[in-house]
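Below is one structure, written out as structure tokens; comments come after it.
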Amino acid sequence: MNQQNVQQHLPKEKNIKFCDNVAMVEVSASRIEEVVSGLYNNNHLPLKLITATDENGENECFNMWYIFGVPKENAFIVPYIRLQKTTEFPSLTPRIHEAWNYERVIQTFFGLTPVGHPDPKPILLHENWPTDIFPLRKNFAWDTRPKESRGTYAFQKVEGEGIYEIPVGPIHAGIIEPGHFRFSVAGESIVLLEPRLGFTHKGSEKLFETLSLDDKIRLSEKISGDSSFSHSLAFCQALERLSGNTAPKRAEYLRLIYAELERLANHFGDIGAIMLDTGFNFGGAHGARLREMVMRIHERLTGSRFLRGVNTVGGITRDINHEEKEILFIDLSKILKDFSEVIGIAENSASLSNRLKGTGVLSAQIAKDRGVVGVAGKAVGIQHDARIDYPYSAYNEISIGNIPIEHGGDVYARFRIRIEEVHASVKAIHDALDKLPEGNIMASDKDIIFKKNAIAVGIVEGWRGDIVYFIATDSNGRIKRVAPRDPSFLNWPALGDAGFDNVVPDFPLINKSFNLSYSGNDL
Amino acid sequence: MTIFFWIIQLIATPALSPLCIGIIKKIKAKFQNRQGASIVQPYKDIWKLMHKDEVISPDASWIFRSAPYIIFTTTIIVGLSIPLFASFLKNALTGDLLVVAYTFALGTFFLALAGMDTGSAFGGFGSSREATISALAEGGLILSFFAVSVIIGTTNLFTISRAGILLSTSFFLPAMLAFIGFFIILLAETGRFPFDNPATHLELTMIHEAMILEYSGKKLALIEWAAANKFFIFAALGVNLFFPYGIAQSASMGALFIGVAALLIKILGICCIVALIESSMAKLRFFRLPDLLIISFILSAVAIGLSQTL
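Protein chains in written order, with our numbering: chain A, 286 to 808; chain B, 2 to 311.
What follows is the structure, given as structure tokens:
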């Protein structure tokens with residue numbers, strides 16, 4: 286990171302405080318809109334997260350953090366405001382659409398009011414949660430059970446001749462997570478699709494404040510089960526920034542290998558599931574089979590099908606020995622050969638491409654405004670990938686090639702992105718195994734001590750998109766706040782836009798092409 | 002003696018239809034490199050459902066309660082009314098192709114009503130889709146029947162299969178066109194690919210399954226069984242009207258044996274083709290289904306035209 290390059294984004298700010306690769310700058314509430322929209326609209330820096338911390342007990346205030354990434358510098362710029370003796374903050378949503386749901390979360394969980402927000406209704410917590418209890422405030426104990434409340438929730442209404450509503454979920458026919466979708470339909474075309482989530486809200490953010498460090502890492506693995514490794518990697522990276530327990534080189538390479546294996550497993554599963562949802566059973570069966578092959582490699586290498594228990598602060602717990610390395614080479618080439626054959630057959634199926642092309646088109650402008658990330662973003666030409674923009678682990682030494690992009694924004698584009706990423710992942714694993722350096726997989730066992738009054742950001746390109754962890758410590762070096770941000774949180778609202786004007790029977794296919802996490806969104 | 006054949010006719014459809022479904026599922030599983038369930042699994046499923054408790058929505062009316070019986074009965078009546086293994090039988094009462102087509106329509110009508118009866122959104126759109134498909138399929142079905150009956154000169158199914166449209170080769174082309182038209186209708190009416198996916202769990206994509214989502218226990222067993230019957234009947238109609246090779250023309254033991262064997266082999270052939278289609282292509286987008294049904298209609302219309310010029 287070059288401090289000058291980072292500072293040039295904040296020419297007017299005097300008191301920039303560097304905390305490893307994070308540039309913090311305190312801004313007054315009246316100026317925050319100018320600073321943040323300058324970074325967002327003029328400098329085109331990607332907004333990664335907006336969150337708050339409750340400083341009561343130490344500083345008697347709330348802090349609002351606006352986390353921006355600086356691509357290529359592997360750095361973050363974090364303007365923040367202090368809310369002293371007030372629970373109101375200026376809403377940035379009118380200027381930055383992406384802030385919409387972040388501000389709703391802050392209002393729901395901290396009880397801070399975004400002044401000027403167009404529709405500040407509660408999010409994630411349902412009608413049975415009292416609207417005057419704010420679970421992420423420090424004065425709320427995690428094990429309190431508030432009295433059940435009876436509120437109402439108003440879905441958006443579409444009225445007109447022949448319009449009817451289809452309520453779907455929260456319990457679905459397949460073995461998937463719970464979530465409710467409300468369709469307003471004219472004949473078979475979708476006029477409005479409103480997802481309603483929060484059914485898997487588990488209070489994870491609050492739990493992060495109370496659990497021991499080891500359990501915190503375990504919890505991060507369960508934020509979204511299919512991204513266990515990426516989530517814990519993002520969390521551990523942030524912790525390592527705070528404690529200085531840098532992982533040794535071999536561990537960084539192995540992290541890359543495991544992360545790419547996780548991507549492979551999920552992309553295979555998704556590619557198969559997309560084909561299955563069109564009724565193309567051949568592809569569906571093989572997608573599931575390929576995923577299972579990778580899951581068994583996970584189990585063989587780490588003892589966990591989901592790569593759990595591998596990441597820790599300062600390294601990893603499972604090595605890949607020489608023998609396993611050779612077997613992995615053979616397995617990978619076999620998997621890649623099978624995959625290429627399956628895709629060859631799929632691409633030759635006219636009936637399959639007919640279903641995939643032109644279905645569920647997400648417009649590039651909407652995707653940009655909503656801050657869509659990952660596979661869905663790449664499918665509309667948003668060329669962002671945390672592995673290249675913030676080269677963590679060994680990604681600065683192992684190339685994953687160019688970021689694949691498509692411009693169609695339809696199911697087919699998202700399908701193609703996954704195929705491209707599979708090829709890139711296999712190549713990256715090959716290269717990393719080739720160059721795998723010798724050495725320890727854990728930093729020397731010095732005590733883990735975190736910096737005081739500091740913040741850190743961890744970012745990892747999970748298979749859906751970038752996973753961000755924001756951590757803040759108090760004046761004793763204790764972790765006072767962990768804010769994970771799964772890519773699903775940004776991509777869920779875009780699903781409604783992609784579904785618009787499609788026929789109802791195509792919705793499951795569109796949904797599958799996004800395949801977002803309910804748990805990662807609900808936290 | 003004749004009463005004995007009619008008893009066999011009566012039993013054959015419900016006895017053999019679940020086997021067809023089992024065979025299709027098995028072939029599909031093999032195409033997906035899976036072991037698959039045994040081919041007698043559909044019998045076990047019906048047996049299992051027969052012994053389960055039912056849950057009936059308090060909003061359901063008599064239509065919901067009686068529809069499974071009506072639908073099942075229509076398939077039994079139609080099973081009796083078509084030539085299966087013997088064409089020397091005579092059924093002047095229900096053996097007419099119009100009677101067969103509209104007895105099925107009666108079953109579809111009640112199924113669609115039952116889907117809407119409980120007021121669930123899924124049943125409603127299932128019924129709406131089924132009504133759309135059957136309305137469009139009706140023309141193709143009647144016209145493909147007419148292509149055959151115009152050539153033979155009768156609308157009685159037993160007489161048609163006795164005369165054997167393909168037995169004189171000059172009608173090969175119109176007969177094949179009409180058969181393809183009929184086969185498309187078979188796929189549409191029995192809820193197979195590319196119209197409907199009988200194996201899906203995705204409520205929003207369903208047609209037939211969406212209508213019967215509210216059913217459970219015995220009533221579900223009856224509906225599933227009736228759906229299997231319908232498939233068997235369509236397959237038997239297809240092979241016996243268009244390819245009546247081997248069908249028993251007299252009551253001799255030899256002819257009957259060949260008749261039964263020929264029926265089984267030909268229906269197995271239809272099952273294989275259906276399984277092959279379901280394994281090798283994706284389902285069509287809903288709004289493209291009418292195109293396919295119109296193709297069926299046109300093929301049969303061309304077949305009628307051709308048969309008149311020959």
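The C-beta atom is built at its ideal place from N, Cα and C for all residues, glycine as well.
Just so we're clear, the structure is a prediction, and the values are computed from it rather than from any experiment.
Between residue 482 (chain A) and residue 803 (chain A), the C-beta gap is smaller than 9 Å, which places the two residues in contact. Residue 674 (chain A) places its beta carbon less than 9 Å from that of residue 331 (chain A). Beta-bridge partners of residue 597 (chain A) (DSSP): A:600.
Taking 9 Å as the Cβ-Cβ cut-off, the region 269 to 287 of chain B approaches chain A at 279, 280, 281, 282, 283, 284, 285, 286 and 287, given in chain order. Your pair residue 60 (chain B) and residue 119 (chain B) checks out as a contact, with CB atoms roughly 6 Å apart and the cut at 8 Å.
Chain-ordered, the chain A residues with CB closer than 8 Å to the CB of residue 198 (chain B) read 564.
Taking the Cβ atoms as the reference, residue 785 (chain A) lies roughly 20 Å from residue 806 (chain A), outside the contact range of under 8 Å. Contact annotation for residue 209 (chain B) against chain A: no contact, minimum CB-CB distance about 13 Å [criterion: below 7 Å].
The beta-carbon of residue 36 (chain B) is placed no less than 9 Å from the nearest beta-carbon of chain A. The CB of residue 33 (chain B) comes closer than 7 Å to the CB of 566, 567 and 570 in chain A, given here in chain order. A:463 is the residue among A:355, A:463 and A:730 whose C-alpha sits nearest the C-alpha of residue 455 (chain A). The residues 297 and 300, in chain order, have a CB closer than 8 Å to that of residue 181 (chain B) in the same chain once the five nearest residues on each side in sequence are set aside. Residues of the same chain with a CB within less than 7 Å of the CB of residue 75 (chain B), apart from the 5 flanking positions on each side, are 104, 105, 107 and 108 in chain order. Going by DSSP, residue 652 (chain A) is part of no beta strand (DSSP E) but of the alpha helix (DSSP H) stretching over 649 to 655. It is roughly 12 Å from the alpha-carbon of residue 324 (chain A) to the alpha-carbon of residue 292 (chain A).
Per DSSP, residue 435 (chain A) is not a residue of any beta strand (DSSP E), being assigned neither H nor E. Taking 9 Å as the cut-off, the Cβ atoms of residue 578 (chain A) and residue 637 (chain A) do not count as close.
Listed in chain order, the non-local C-beta contacts of residue 736 (chain A) below 6 Å within the same chain comprise 527, local neighbours out to five positions each way being set aside.
Unbroken beta strand (DSSP E) stretches of 3 residues or longer found wholly inside the region 687 to 751 of chain A: 740 to 746, given in chain order. For residue 29 (chain B), at least one C-beta of chain A is nearer than 9 Å to its own C-beta. Between residue 378 (chain A) and residue 356 (chain A), the CB-CB gap reaches or exceeds 9 Å. The shortest C-alpha to C-alpha distance from residue 82 (chain B) to any of B:306, B:11, B:70 and B:140 is the one to B:11. Cβ proximity to chain A below 7 Å picks out 288 from the region 288 to 304 of chain B. For residue 476 (chain A), not one C-beta of chain B is nearer than 9 Å to its own C-beta. Going by beta carbons, residue 479 (chain A) and residue 427 (chain A) fall outside the 9 Å limit. Here residue 40 (chain B) has 20, 23, 24, 26 and 27 as same chain residues with Cβ atoms under 8 Å from its own Cβ, once five neighbours each way along the sequence are excluded. The beta carbon of residue 205 (chain B) sits closer than 9 Å to some beta carbon of chain A. Annotation: Cβ neighbours of residue 458 (chain A) in chain B (cutoff 8 Å, chain order): 202, 203 and 204. For residue 417 (chain A), the closest Cβ of chain B is not nearer than 9 Å. Under the three-state reduction of DSSP output, residue 90 (chain B) falls in the coil class, being neither helix nor strand. Counting C-beta pairs closer than 8 Å gives three or more between the region 746 to 765 of chain A and the region 514 to 523 of chain A, which meets the contact rule.
Neighbours of residue 184 (chain B) in chain A, taken as residues whose beta carbon is under 9 Å from its own, are absent, since the nearest beta carbon is some 17 Å off. For the region 571 to 590 of chain A, the residues whose beta carbon sits under 8 Å from a beta carbon of chain B are, in order, 571 and 574. When DSSP assignments are scanned along the region 212 to 242 of chain B, no uninterrupted stretch of beta strand (DSSP E) that is 3 or more residues long falls wholly within it. The shortest CA-to-CA distance from residue 66 (chain B) to any of B:116, B:102 and B:251 is the one to B:116.
Every alpha helix (DSSP H) of 4 residues or more that sits fully in the region 149 to 215 of chain B is shown, in chain order, as 158 to 164, 173 to 190 and 209 to 212.
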